[in-house]
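Going letter by letter, the sequence shown gives residues 1098 to 1293 in our numbering.
Ideal Cβ placement from N, Cα and C applies to all residues, glycine included.
Given the structure is predicted, the values throughout are model-derived calculations rather than measurements.
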Amino acid sequence: MEYDFFAYLSRMKYIRRWALMRSTVDENIKEHSFDVTMIAHALALIENKIFGGRVDEYKVVCLATYHEAGEVITGDLPTPIKYFNTQINSAYKDLEKRACEKLIKTLPEELKGEYSSYLLADEESLEYKIMKSADRISAYLKCVDEVKSGNKEFVKAKASIGKSIKKSELNCVKYFIENVLPSFEKTLDELDFGVE
């Protein structure tokens, strides 16, 4: 028996993000997923270690790793289209769900349940909410990079996404915004290595 799940996921590198905008550096969903995973892991650790939370860090990391998996089938629908109205958004969510269900069918029976919990996640769980915050932060950081490169195409997106992440009620997100995000505005020479 052949299982195609991982071959599908290896194609994440071909799915380009920000398709309607001119980017100075293209970003694919595989790169984006790595960034989201790194940020989500940090948020989970911050929640647990600084704020005494009980977040399942492993679950957060897995949710982040696979959060764009369905897009190997659907492609990345640009945000203005995805959120144009409730009917389109609902239809796209259904399409994403079906794509994830199709991917799950390409796994051995013994693994389907485990991957289902990440590809068809409980959107009400704290772990999912942390992952979604990381997803938004990653998008914001892409905008920061583009604007730093002089690309005005991302100015409005940066402001809009920045405003949305500042509305978060999660302590870990507030902490990240205050203590980590400002460093991304710096140049390499401005970053402090702690070396005199």
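Contact between S1235 and D1123 does not hold, since the beta-carbon distance rounds to 15 Å and is not under 8 Å. Rounded to whole angstroms, the Cβ separation of C1240 and A1254 is 5 Å, and the two are in contact under 8 Å. Residue environment for M1228: buried (at least 16 other C-beta atoms within 10 angstroms of its C-beta). With 16 or more other Cβ atoms from the protein chains shown falling within 10 Å of its own Cβ, E1144 counts as buried. Per DSSP, G1149 is not a residue of any alpha helix (DSSP H), being assigned neither H nor E.
One Cα belongs to E1250, the other to E1266, and the distance between them is close to 29 Å. Under the three-pair Cβ rule at 8 Å, the segment 1148-1159 does not count as touching the segment 1171-1186. As summarised for the segment 1187-1246, the continuous alpha helix (DSSP H) elements at least 4 residues long and confined to that stretch are 1206-1216 and 1223-1245, given in chain order.
For the set Y1225, D1191, K1245 and K1179, the Cα lying nearest the Cα of A1116 is the one of K1179. Here R1108 carries a helix assignment [DSSP, helix/strand/coil].
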